[in-house]
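Notes follow once the structure below has been shown.
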Amino acid sequence: MKGGVVNIQRLREVLGIPATHRGALWLDSYEYAARLSGRHPRDLEMSVADSVLALFDTHRLLGPDVVALPGAGFYGPALAELVQAAPNGDAVAALREAWRTSSGGDRLREVVDGVANLVAGTATVALVLPSPSGWLVQAGAEAIDEEAVDSVAMYLAEHLRTFAESRIAAIVLDEGAGAADAATVADLYRPILNLAGHYGWASGICAQSVPNVAALLGTVDFVLQRESSIDDVASHWRAGDAVGGGLSHAWWADGGPLPDDLAAGAFGFGIVPCDVEPEVVLACVQRWRSAAGDA
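So for the sequence shown, numbering that gives the first Met the number 0 puts the first residue at 0; every next one is plus one.
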């Protein structure tokens with residue numbers, strides 16, 4: 000819904016974050032949820048009930064403002080078969096067929112709605128999917144060019160129409176360990192961003208490197224910077240920009256150190272690590288809430 004979300008305060012309103020929370024806390028905790036449930040993430044993705052329960056239990060424990068649901072794995076098994084069956088291993092054709100037949104998509108929609116129902120009033124659900132380039136990598140594309148990215152963006156947008164009635168608050172296109180290129184997002188991801196705006200979903204980009212945050216925020220509603228330090232994103236928080244980050248692996252491992260003057264617009268984002276003890280993880284979250292002045 001670009002054009003309405005222009006800063007962290009507006010994003011908080013769109014995501015329904017309680018007024019008692021000054022900033023925002025967005026945790027990528029799917030693998031951590033699998034760890035706590037004693038299951039492998041791929042096993043969870045095969046069971047709607049197990050996925051919903053694991054995510055809800057972790058939400059009750061950590062209490063983030065947003066429950067991030069990574070969707071790629073739900074399509075994995077069917078996509079692998081389709082890639083093998085596609086002529087010359089055509090990645091674009093395989094992805095198109097996976098989304099046309101909604102292989103994995105039906106199960107993902109059930110998980111989205113199940114989690115949304117359980118966390119209603121305390122959090123919202125964000126659907127996290129690979130960017131068009133990321134999907135091509137997952138499908139084993141040997142070469143990734145603009146034409147392929149443009150085609151995948153169009154087919155993915157068409158598939159996302161099947162989520163029209165789902166209780167999604169935001170959609171995230173994840174560039175993985177790569178960089179987010181503002182021109183690529185603006186020019187080639189447009190079908191997905193337009194669809195998100197049509198359905199009232201906030202749209203965002205997640206990446207390891209974000210060279211031009213200002214340009215990206217002219218196209219999407221928020222940016223998530225993976226493995227960034229608090230120093231990396233503090234200036235954006237002070238400016239009220241909708242830029243999430245700061246909660247890197249090192250932050251969790253060090254016990255969640257925070258500055259005394261944490262900005263009121265602090266937008267904490269990070270992956271909850273599976274190799275840090277649960278007691279330490281919980282203490283880090285509590286320290287964040289206390290520093291952010293959350294009631």
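Every residue gets a Cβ at the ideal spot worked out from N, C-alpha and C, and that includes glycine. In this text the structure is predicted, and so the values were computed from the model without any measurement.
For this session: Determine the extent of the beta strand (DSSP E) in which residue 268 is found, giving its start and end residues.
Result: For the purposes of this step, residue 268 is taken as residue 269 along the sequence shown, with counting starting at 1. 266 to 270 is the extent of the beta strand (DSSP E) around residue 268.
Problem set entry | Residues near residue 325 by beta carbon distance below 8 Å, same chain, minus five either side | The requested residue 325 is not part of the displayed model; the chain covers only 0 to 294.
Exercise. Under 8 Å between the Cβ atoms of residue 204 and residue 194?
Worked result: Translated into positions along the sequence shown, residue 204 becomes position 205. Translated into positions along the sequence shown, residue 194 becomes position 195. Not closer than 8 Å, so no.
For this session: Return the CA-CA distance between residue 280 and residue 247, expressed in angstroms with no decimal places.
Result: As a first step, residue 280 must be located in the sequence shown, where it is residue number 281. As a first step, residue 247 must be located in the sequence shown, where it is residue number 248. If you take the alpha carbons of residue 280 and residue 247, they lie about 12 Å apart.
Exercise. From which residue to which residue does the beta strand (DSSP E) around residue 101 run?
Worked result: In the sequence shown, counting from the first residue as 1, residue 101 sits at position 102. Premise fails: residue 101 is in no beta strand (DSSP E) and is neither H nor E.
Exercise. Exposed or buried, what is residue 2 when buried is set at 16 or more other beta-carbons lying within 10 Å of its beta-carbon?
Worked result: Within the sequence shown, numbered from 1, the residue matching residue 2 stands at position 3. The predicted position of residue 2 is uncertain, since its pLDDT is 48 and thus under 50; no value can be drawn from it.
Problem set entry | Coil, strand or helix - residue 274 by DSSP | Numbered from 1 along the sequence shown, position 275 holds the residue referred to as residue 274. Three-state DSSP puts residue 274 in coil, outside helix and strand.
For this session: My understanding is that residue 7 touches residue 23, with C-beta atoms under 8 Å, so please give their C-beta distance in whole angstroms.
Result: One-based indexing of the sequence shown puts residue 7 at position 8. One-based indexing of the sequence shown puts residue 23 at position 24. Rounded, the Cβ-Cβ distance is 7 Å, consistent with contact.
For this session: Measuring alpha carbon to alpha carbon, tell me which of 136, 221, 151, 273 ends up nearest residue 11.
Result: For the purposes of this step, residue 11 is taken as residue 12 along the sequence shown, with counting starting at 1. Taking only the C-alpha atoms, the option nearest residue 11 is 221.
For this session: Kindly indicate which residue of 159, 276, 116, 112 has the alpha-carbon position closest to the one of residue 172.
Result: Position 173 of the sequence shown holds residue 172. Nearest C-alpha to residue 172: 159.
Exercise. Where residue 46 and residue 134 are concerned, what is the direct C-alpha to C-alpha distance, given to the nearest angstrom?
Worked result: Residue mapping note: residue 46 aligns to position 47 of the sequence shown, counting from 1. Residue mapping note: residue 134 aligns to position 135 of the sequence shown, counting from 1. One Cα belongs to residue 46, the other to residue 134, and the distance between them is close to 22 Å.
Problem set entry | Residue environment, residue 86, which counts as buried when at least 16 other CB atoms sit within 10 Å | The residue labelled residue 86 in the question sits at position 87 within the sequence shown. Residue 86 should be labelled exposed.
Exercise. Hey, how far is the Cα of residue 118 from the Cα of residue 209?
Worked result: As a position in the sequence shown, residue 118 is number 119, starting the count at 1. As a position in the sequence shown, residue 209 is number 210, starting the count at 1. If you take the alpha carbons of residue 118 and residue 209, they lie about 31 Å apart.
For this session: Determine the closest residue to residue 181 out of 212, 264, 103, with distance taken between C-alpha atoms.
Result: Counted from its first residue, the sequence shown places residue 181 at position 182. Closest by alpha carbon: 212.
Exercise. Roughly how many angstroms lie between the CA atoms of residue 96 and residue 136, to the nearest whole one?
Worked result: For the purposes of this step, residue 96 is taken as the residue at position 97 of the sequence shown. For the purposes of this step, residue 136 is taken as the residue at position 137 of the sequence shown. Whole-angstrom Cα-Cα distance: 16 Å.
For this session: Report yes or no: do the segment 100 to 119 and the segment 140 to 152 share at least 3 C-beta pairs separated by less than 8 Å?
Result: No, the segment 100 to 119 is not in contact with the segment 140 to 152.
For this session: Use the C-beta contact count for residue 240: other C-beta atoms within 10 angstroms, 16 or more gives buried, fewer gives exposed.
Result: Within the sequence shown, residue 240 is the residue found at index 241, counting from 1. It counts as buried.
Problem set entry | Residue span of the beta strand (DSSP E) that contains residue 221, given as start and end | Translated into positions along the sequence shown, residue 221 becomes position 222. Unbroken beta strand (DSSP E) run through residue 221: 221 to 224.
Exercise. Based on Cα-Cα distance, which residue from 75, 176, 293, 264 lies nearest to residue 242?
Worked result: Reading the sequence shown from its first residue, position 243 is the one you call residue 242. Its Cα nearest to that of residue 242, the residue 264 stands out among 75, 176, 293, 264.
Exercise. So residue 242 is in the beta strand (DSSP E); what residue range does that whole segment cover?
Worked result: By 1-based counting over the sequence shown, the position of residue 242 is 243. It spans 242 to 245 - the beta strand (DSSP E) in which residue 242 sits, taken as one unbroken run.
Exercise. Mind checking residue 201: buried by the 16 CB within 10 Å criterion, or exposed?
Worked result: For this step, residue 201 is matched to residue 202 along the sequence shown. Burial state of residue 201 is buried, judged by a 10 Å Cβ sphere holding 16 or more other Cβ atoms.
For this session: Give the DSSP-derived three-state secondary structure of residue 25 in the structure shown.
Result: Taking the sequence shown and counting its residues from 1, the one referred to as residue 25 is at position 26. DSSP places residue 25 in the strand class (E or B) of the three-state scheme.
Exercise. According to the neighbour-count rule (16 or more other Cβ atoms, all chains shown, within 10 Å of its Cβ), is residue 37 buried or exposed?
Worked result: Numbered from its first residue, the sequence shown carries residue 37 at position 38. Under this definition residue 37 is an exposed residue.
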